[in-house]
Amino acid sequence: SQQGCDPLAQTQRSKLQHRRARINQQINKEMRMRAGAENLFRATSNHKVKETVALELSYVNSNLQLLKEELEELNSSMDVYQNDSESISVPMIPLGLKETKELDLLVPLKDFISEHYGEESVLFEKEIKEFMELRQAMRTPSRNEAGLELLMEYYNQLHFLDSRFFPPTKTLGVFFHWYDSLTGVPSHQRALAFEKGSVLFNLGALHTQIGARQDRAALPGLNRAIDAFQQAAGAFNYLKENFSNAPSLDMSGASLNMLVRLMVAQVQECVFEKMTLLCSQNDFLARLQLAQEAAKVEDVYSLVHQTMTQPHVKDYVPFSWITMVHVKSEHFKALSHYFAAIALCDCPVPSESELPEQEKAFLQFHVTIPEGPSLRVLLQDPEERRRLGKAHLKKAIMKHEEAMRIHGLCKILRKMDILQEVLSFAHKRSLSKYSEIDHEEDFFETGDAPDIRPKTHQKPEIKPPNFSQVKVTDLFHRLGPLSVFSAKNKWYPARRVHLRRGENGFGFTLRGDSPVLIAGVIPGGCAAEAGLKEGDYIISVNSKDCRWSKHAEVVQLLKSTGDEGVDIGVITLHGSEGPKAVDKKAVGMSSGSGMLKSNKENSRKSLMNSKSSTLLVWSKKSKRSKKSTYSGVPFTAVGDNEAMY
1 SQQGCDPLAQ
11 TQRSKLQHRR
21 ARINQQINKE
31 MRMRAGAENL
41 FRATSNHKVK
51 ETVALELSYV
61 NSNLQLLKEE
71 LEELNSSMDV
81 YQNDSESISV
91 PMIPLGLKET
101 KELDLLVPLK
111 DFISEHYGEE
121 SVLFEKEIKE
131 FMELRQAMRT
141 PSRNEAGLEL
151 LMEYYNQLHF
161 LDSRFFPPTK
171 TLGVFFHWYD
181 SLTGVPSHQR
191 ALAFEKGSVL
201 FNLGALHTQI
211 GARQDRAALP
221 GLNRAIDAFQ
231 QAAGAFNYLK
241 ENFSNAPSLD
251 MSGASLNMLV
261 RLMVAQVQEC
271 VFEKMTLLCS
281 QNDFLARLQL
291 AQEAAKVEDV
301 YSLVHQTMTQ
311 PHVKDYVPFS
321 WITMVHVKSE
331 HFKALSHYFA
341 AIALCDCPVP
351 SESELPEQEK
361 AFLQFHVTIP
371 EGPSLRVLLQ
381 DPEERRRLGK
391 AHLKKAIMKH
401 EEAMRIHGLC
411 KILRKMDILQ
421 EVLSFAHKRS
431 LSKYSEIDHE
441 EDFFETGDAP
451 DIRPKTHQKP
461 EIKPPNFSQV
471 KVTDLFHRLG
481 PLSVFSAKNK
491 WYPARRVHLR
501 RGENGFGFTL
511 RGDSPVLIAG
521 VIPGGCAAEA
531 GLKEGDYIIS
541 VNSKDCRWSK
551 HAEVVQLLKS
561 TGDEGVDIGV
571 ITLHGSEGPK
581 AVDKKAVGMS
591 SGSGMLKSNK
601 ENSRKSLMNS
611 KSSTLLVWSK
621 KSKRSKKSTY
631 SGVPFTAVGD
641 NEAMY
């Protein structure tokens, strides 16, 4: 069975996860106290009591504030998730996993198995325990491929659980409890959709942690980080598009939108780092390209900063994240101007043959064309190049200083040495370049350099989760094929029918498999006499369970009976009595009430007509609703996949 990583192994990260769990519990306790105090405050008319309660409320509220600040500091412990290499990479923002409470499903599932399926529920305790062990393991996934697969496996099992135990009209009566990843506030819902959504959130969060820990000083690590952040963006985006009305803030549309944009920005930053590794040192076009890549990173971080500072978002996003994103947008703007200056001042003047290509690139480089001579003249005149380069450096230095100023405003970020080092290194590098190209006899006023037009050579992709990559077997497949034995179908109690073969056979037509369907009954034949009806499903032959049996197997069992006849077990679905109703058998998923937006998340008709199905087939119809020739046609005209016996 699948294992989560050992939550007691005292790694830095699991210590964080422990502290997070402890803070979550304390927040939970304080919120219960607050609710109690608020109720008392409303209910009492006694002034003395009101004063005492008001005092207690202010105490609880300040406690909550402190706990939330402590949680924010945890959410900002980016260094714990970074790699151990010596090289300096700018820290990335990872997300902490959502915590959940233990859940005991033994009684509710056993009750449902005996009431709905009419089965001996004690026979399914092993499967229920296995499901609960998988849920337990999924709470502490390891930070690698195995951890991602564990979350996927559990998510896929939830689809089976949904179809088996969650009818459209009612819930199991159990609550799924999850803590908000950003605020620590607990929420609960009866809808299985909340459980699915929270697991999906954790899938995204785990990808962010994997991305943040990569060593980005070399290409393999950079490519892994790009992939991880793209997958994280995909998970949050999928969550945003398929789930709504989540009871917790971290899964609100606005929050998920912000997280998708943050991940895209982190991908864009990795793409810039990749270009710096691949670019040749003194190539003019390569330097222009780097400047445009940096401008693109600034562009996406500015968008994230706008998103994070919207009124309903900024209250719960950690201040350190907002600051970090703001710092990065200023930092990359500075870098775009720095690389523009380097292109102009460190690269040789173009030869006649190089000029057309360089001029073309330079024409599309600035947001507005720089003042002064034509670009062709500028590119060929070292003095003009130095002059524009100096203007770019002046702007770069201003932006470096702004980045350092904003960084200094956040107490949590001030503790982050790596970021401090990166900012101050970039600042010093621009200053020394400026003093190198600054001539004492310069009498011209350094002009204002136009901004650089953002452009990237690798557009970030939002990669949706690929659920089919983790194959799972329906833990409850013994209940029978989902096409019939699901939570949304109801059937009459099973009937045992004794059947003898007449000279014209049994007198019925069979169709399909798993389970085999009685598609037609000949009036006056043996089957009709014995009480079999069109629309019955054969679930056993001579006490052998046939729910999963193929057509040919059932036919073989029937043919091998002698004169003593055969015992057939059948069930009839509600609403499928009589002709024409047989085709109503479409596979469906139950809709968890409460949280789902439309039926998107439920329209995954899983065609689970085999024991181990790969799950999630995005098709609307069951494989078996092939056309069948009934109405008004004599029974001898048998449909394409029917046979008469």
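For the sequence shown, the UniProt record's numbering assigns the number 1 to the initial residue and increments by one for each residue that follows. Beta carbons are placed, not taken as given, at the ideal position from N, Cα and C, and that holds for glycine. Keep in mind the model is a prediction, meaning the values are calculated, not measured.
Output the boundary residues of the beta strand (DSSP E) element that contains residue i.
i                 : result
aspartate 567     : 566-571
proline 186       : 186-189
isoleucine 522    : Element bounds for isoleucine 522: n/a, residue is neither H nor E.
arginine 511      : 508-511
phenylalanine 176 : 176-179
If you draw a straight line from the alpha carbon of residue i to that of residue j, how long is it in whole angstroms?
i                 : j                 : result
phenylalanine 201 : leucine 517       : 42 Å
lysine 627        : glutamate 125     : Bear in mind that the predicted position of lysine 627 carries a pLDDT of just 33, short of 50, making it too unreliable to give a figure here.
phenylalanine 635 : isoleucine 522    : Reliability of the predicted coordinates at phenylalanine 635 is poor, the pLDDT of 29 falling under 50, and no value is obtained from them.
histidine 427     : alanine 191       : 52 Å
leucine 151       : leucine 40        : 42 Å
serine 114        : glutamate 127     : 15 Å
tyrosine 338      : isoleucine 397    : 8 Å
glycine 184       : isoleucine 27     : 7 Å
histidine 312     : leucine 182       : 14 Å
glutamate 120     : aspartate 111     : 10 Å
isoleucine 226    : glutamate 534     : 58 Å
residue 659       : lysine 411        : In the structure as shown, the chain begins at 1 and stops at 645. Residue 659 is therefore absent and cannot be evaluated.
serine 540        : glycine 234       : 46 Å
leucine 123       : phenylalanine 476 : 11 Å
glutamate 64      : aspartate 283     : Strictly speaking, residue 64 in this sequence is leucine, with glutamate absent from that position. Approximately 56 Å between the Cα atoms of the pair.
arginine 20       : glutamate 130     : 27 Å
methionine 416    : valine 325        : 14 Å
serine 374        : serine 255        : 47 Å
leucine 532       : valine 497        : 7 Å
residue 646       : arginine 414      : Residue numbering for the chain in the displayed model covers 1 to 645; residue 646 lies beyond these limits and cannot be assessed.
phenylalanine 332 : arginine 405      : 15 Å
proline 247       : arginine 385      : 58 Å
threonine 323     : threonine 171     : 43 Å
glutamine 266     : phenylalanine 236 : 14 Å
isoleucine 418    : alanine 291       : 23 Å
histidine 551     : asparagine 156    : 29 Å
glutamate 70      : alanine 193       : 30 Å
Check this for me: beta carbons of residue i and residue j, under 9 Å apart or not?
i             : j              : result
valine 317    : valine 264     : no
lysine 455    : alanine 334    : no
histidine 154 : valine 199     : Looking at the sequence shown, residue 154 is not histidine but tyrosine. Contact: yes.
leucine 499   : valine 566     : yes
histidine 457 : methionine 251 : no
glutamate 273 : arginine 216   : yes
glycine 525   : glycine 502    : yes
glycine 389   : isoleucine 342 : yes
proline 356   : alanine 449    : no
leucine 482   : arginine 143   : no
residue 664   : alanine 340    : What is shown of the chain runs 1 to 645, which leaves residue 664 out entirely.
leucine 158   : histidine 207  : no
residue 709   : leucine 510    : Residue 709 is absent from the structure shown; the chain starts at 1 and stops at 645.
Quick test of your reading: residue i and residue j, contact by CB under 8 Å. State the CB separation rounded to the nearest angstrom.
i             : j                 : result
histidine 305 : serine 320        : Actually they do not touch by this definition, with Cβ atoms about 13 Å apart.
aspartate 474 : phenylalanine 160 : 4 Å
aspartate 536 : valine 570        : 4 Å
leucine 67    : glutamate 30      : 7 Å
glutamine 214 : glycine 221       : 4 Å
alanine 232   : glycine 204       : 5 Å
histidine 407 : leucine 423       : 6 Å
leucine 103   : valine 174        : 7 Å
glycine 447   : alanine 391       : 5 Å
alanine 228   : glycine 211       : 3 Å
alanine 487   : phenylalanine 166 : 5 Å
What are the boundary residues of the alpha helix (DSSP H) that residue i is part of?
i              : result
tyrosine 537   : Here tyrosine 537 belongs to no alpha helix (DSSP H); instead the beta strand (DSSP E) covers 537-541.
tryptophan 321 : 319-346
tyrosine 117   : Per DSSP, tyrosine 117 belongs to no alpha helix (DSSP H) and is neither H nor E.
leucine 499    : Careful: leucine 499 lies outside any alpha helix (DSSP H), inside the beta strand (DSSP E) at 495-499.
tyrosine 238   : 219-242
cysteine 546   : That residue, cysteine 546, is in no alpha helix (DSSP H); it is neither H nor E in DSSP.
cysteine 270   : 253-278
residue 646    : Since the first residue of the chain shown is 1 and the last is 645, residue 646 is not available in this structure.
Contact between the segment 344-351 and the segment 380-396 (3+ Cβ pairs under 8 Å):
yes
Counting beta carbon pairs with one atom in the segment 485-499 and one in the segment 253-272, are three or more of them shorter than 8 Å?
no
With contact counted as at least three CB pairs below 8 Å, one residue from each stretch, are the segment 90-107 and the segment 431-450 in contact?
no
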